[in-house]
Amino acid sequence: MFAFHAGRDAPASDDPRYLQVGLQAHGEPQLEVWRSRAPVRSGRDANGLAWASDGALLFGAMQIDEATAGGILEASQQAYAQMLAALPQHGYPHLLRIWNYFDAITEGDGDQERYRQFCIGRARGLGTVDPTTLPAATAIGRVDGVRVLQVYWLAAREPGIPLENPRQVSAYRYPRQYGPQPPSFARAMLAAPGSALPLLLSGTASVVGHQTLHTDCTALQLQETFANFTALIDAARQHVPALPPQFGAGSRLKVYVRDGDELAQVQQQLSQHLGAQVPRLLLHATVCRRDLRVEIDGVHGG
1 MFAFHAGRDA
11 PASDDPRYLQ
21 VGLQAHGEPQ
31 LEVWRSRAPV
41 RSGRDANGLA
51 WASDGALLFG
61 AMQIDEATAG
71 GILEASQQAY
81 AQMLAALPQH
91 GYPHLLRIWN
101 YFDAITEGDG
111 DQERYRQFCI
121 GRARGLGTVD
131 PTTLPAATAI
141 GRVDGVRVLQ
151 VYWLAAREPG
161 IPLENPRQVS
171 AYRYPRQYGP
181 QPPSFARAML
191 AAPGSALPLL
201 LSGTASVVGH
211 QTLHTDCTAL
221 QLQETFANFT
231 ALIDAARQHV
241 PALPPQFGAG
251 SRLKVYVRDG
261 DELAQVQQQL
271 SQHLGAQVPR
281 LLLHATVCRR
291 DLRVEIDGVH
301 GG
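No gaps in the numbering here: position 82 of the sequence shown is 82 in full-length UniProt numbering, and each next residue is one more.
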């Protein structure tokens, strides 16, 4: 249905079902492929928005040049406004999951930090929205020096069930110390009952309450991240008791590591924690807080 290729050397393509994501994979470049059992239609709108749909779900993707838009704030506002306008036009009005990738996410001081500016633009593009209905999401910094905002998403005809983590303050309720506009996302999303979709997990890191823990140790941050996933899966199992309580062969994870020199170490730690049965993609990227060394997102239970 849709494919994403991580790696600066990934081949280019005009196919609207394909997006080259400017993140460098550890090891060989890899494809992330979302498949459908139903026939898939695809196309590209006049504004450049690429899409693919199978009658139940819609994948969409946009790339906004920051210089043309006027900066990361304006680029994110434009991307989200155009995305929201396109959803009802295509007949899939309910956002389930969004991925956001842009260069140098923590560059800038105070409220001029690029992630904080992105959050302002995202909120403006979303407009007035009930925060308890927000989709799951990831926002990660590329390290390629290319100032293009990449946004892709999954939407449905029916609304999903947003989930929060009892160990964490909801991101949309973060205090002012994290910026003038709290991040706009849910910790996870369950698709509508009866859907074959797995649990959609937002970018998750070593945050308890709203504070970063273990700022000087990647291994401990990984442990805390998996503790947060356990809490999220437990919350999801209250709605879907058949959901496996732990990651397994039905899970797919993307692991973002800030320090490229630690990629091999993280790979080893993941093998110890997850074994060989959990597919994962390890990526060199920057996380949205300077004291976060690793972040993980993914799907579970499909």
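Using N, Cα and C, we set each Cβ at its ideal position, and we do this for glycine too. Bear in mind the structure is a predicted one, so any value in this text is a computation, not a measurement.
My understanding is that Gln150 touches Gly22, with C-beta atoms under 8 Å, so please give their C-beta distance in whole angstroms. Within the sequence shown, the letter at position 150 stands for residue 150. Within the sequence shown, the letter at position 22 stands for residue 22. Sure, about 7 Å apart at Cβ, within 8 Å.
Of the residues Ala85, Glu66, Val143 and Leu222, which one's Cα is nearest the Cα of Gly260? One-based indexing of the sequence shown puts residue 260 at position 260. Among Ala85, Glu66, Val143 and Leu222, the Cα nearest to that of Gly260 is on Val143.
May I ask which residues mark the beginning and end of the alpha helix (DSSP H) holding residue 316? With the chain covering 1 to 302 only, the question about residue 316 has no answer from this structure.
Three-way DSSP call (helix, strand, coil) for His90 in this model: Taking the first residue of the sequence shown as 1, we reach residue 90 at position 90. Of the three classes helix, strand and coil, the one that applies to His90 here is helix, per DSSP.
Report back the beta-carbon spacing between Pro162 and Thr133 to the nearest angstrom; my notes put them in contact at under 8 Å. Against the sequence shown, residue 162 aligns to sequence position 162. Against the sequence shown, residue 133 aligns to sequence position 133. Pro162 to Thr133, Cβ: 6 Å. Contact.
State buried or exposed for Thr286, treating a residue as buried only when at least 16 other CB atoms are found within 10 Å of its CB. Position 286 of the sequence shown, counted from the start, is the residue given in the question as residue 286. Taking a 10 Å sphere around the C-beta of Thr286, we find 16 or more other C-beta atoms and assign the residue as buried.
Counting only runs of 4+ residues fully inside the UniProt domain "Chorismatase FkbO/Hyg5-like N-terminal" (32-155), write out the alpha helix (DSSP H) ranges in chain order. 66-69, 72-90 and 114-126
Nearest-angstrom Cβ-Cβ length linking Gly209 and Gln168, presumed shorter than 8 Å: Along the sequence shown, read from residue 1 onward, the residue named residue 209 stands at position 209. Along the sequence shown, read from residue 1 onward, the residue named residue 168 stands at position 168. Yes, Gly209 and Gln168 are in contact; Cβ-Cβ is about 7 Å, under 8 Å.
Round the Cβ separation of Pro182 and Ala171 to the nearest angstrom and send it over; I've been treating them as touching at under 8 Å. As a position in the sequence shown, residue 182 is number 182, starting the count at 1. As a position in the sequence shown, residue 171 is number 171, starting the count at 1. Confirmed, about 6 Å.
Could you give the DSSP three-state label for Gly260: helix, strand or coil? Numbered from 1 along the sequence shown, position 260 holds the residue referred to as residue 260. Gly260: helix per DSSP, three-state reduction.
Per-residue DSSP class, three states only, for Ala205: For this step, residue 205 is matched to residue 205 along the sequence shown. Three-state DSSP puts Ala205 in coil, outside helix and strand.
Let me make sure I understand the geometry here. Which of Leu253, Arg258 and Ala81 has the alpha-carbon closest to that of His300? By one-based count along the sequence shown, residue 300 stands at place 300. If we check each option's Cα against that of His300, Leu253 comes out closest.
Hey, residue 304 and Val294: beta-carbon distance below 8 Å or not? It is not possible to answer for residue 304, since the shown part of the chain is limited to 1 through 302.
Can you tell which of Gln246, Arg289, Arg124 and Ala231 has its C-alpha closest to the C-alpha of Glu164? Position 164 of the sequence shown, counted from the first residue, corresponds to residue 164. Here the closest residue by C-alpha is Ala231.
Does DSSP classify Ala219 as helix, strand or coil? Position 219 of the sequence shown, counted from the start, is the residue given in the question as residue 219. Residue state, collapsed to three classes: helix.
Quickly, what does DSSP pair Arg2 with across the bridge? List them, please. Counting from one through the sequence shown, the residue named residue 2 turns up at place 2. Residue identity differs from the one stated: residue 2 is Phe in this sequence, not Arg. DSSP, once it has assigned bridges, lists Trp34 as partnering Phe2.
Going by DSSP, what residue range makes up the beta strand (DSSP E) through Ala188? As a working mapping, residue 188 is identified with position 188 in the sequence shown. Unbroken beta strand (DSSP E) run through Ala188: Ala188 to Leu190.
Segments assigned alpha helix (DSSP H), at least 4 residues, entirely inside the region 242-293: The region 242-293 contains, as complete alpha helix (DSSP H) runs of 4+ residues, the segments 263-274 (chain order).
Counted within 10 angstroms of its Cβ, other Cβ atoms place Asp103 as buried (16 or more) or exposed: As a working note, residue 103 is residue 103 in the sequence shown. When all chains shown are included, Asp103 counts as buried.
In terms of residue numbering, what span does the beta strand (DSSP E) encompassing Tyr18 cover? The count along the sequence shown starts at 1 and reaches residue 18 at position 18. In the DSSP assignment, Tyr18 falls within the beta strand (DSSP E) that extends over Tyr18 to Val21.
Can the beta-carbon of Ala86 be found closer than 8 Å to that of Ala136? For the purposes of this step, residue 86 is identified with residue 86 of the sequence shown, where counting begins at 1. For the purposes of this step, residue 136 is identified with residue 136 of the sequence shown, where counting begins at 1. No, the pair does not count as a contact, with Cβ atoms beyond the cut-off.
According to DSSP, is Glu295 helix, strand or coil? In the sequence shown, the residue the question calls residue 295 occupies position 295. Reduced to three states, the DSSP call for Glu295 is strand.
Taking the alpha-carbon of Leu200 as reference, which of Glu28, Leu58, Gly160 and Gly127 has the nearest alpha-carbon? The residue labelled residue 200 in the question sits at position 200 within the sequence shown. Of Glu28, Leu58, Gly160 and Gly127, the residue nearest in Cα terms is Gly160.
Compare the C-alpha of Ala219 against each of Arg173, Ile140 and Leu270 and name the closest. For the purposes of this step, residue 219 is taken as the residue at position 219 of the sequence shown. Of the listed residues, the one whose Cα sits closest to Ala219 is Leu270.
Closest by C-alpha distance to Ile296, when choosing among Ser206, Gln238 and Ala52: In the sequence shown, residue 296 corresponds to position 296, counting from 1. Nearest of Ser206, Gln238 and Ala52 to Ile296, Cα basis: Ser206.
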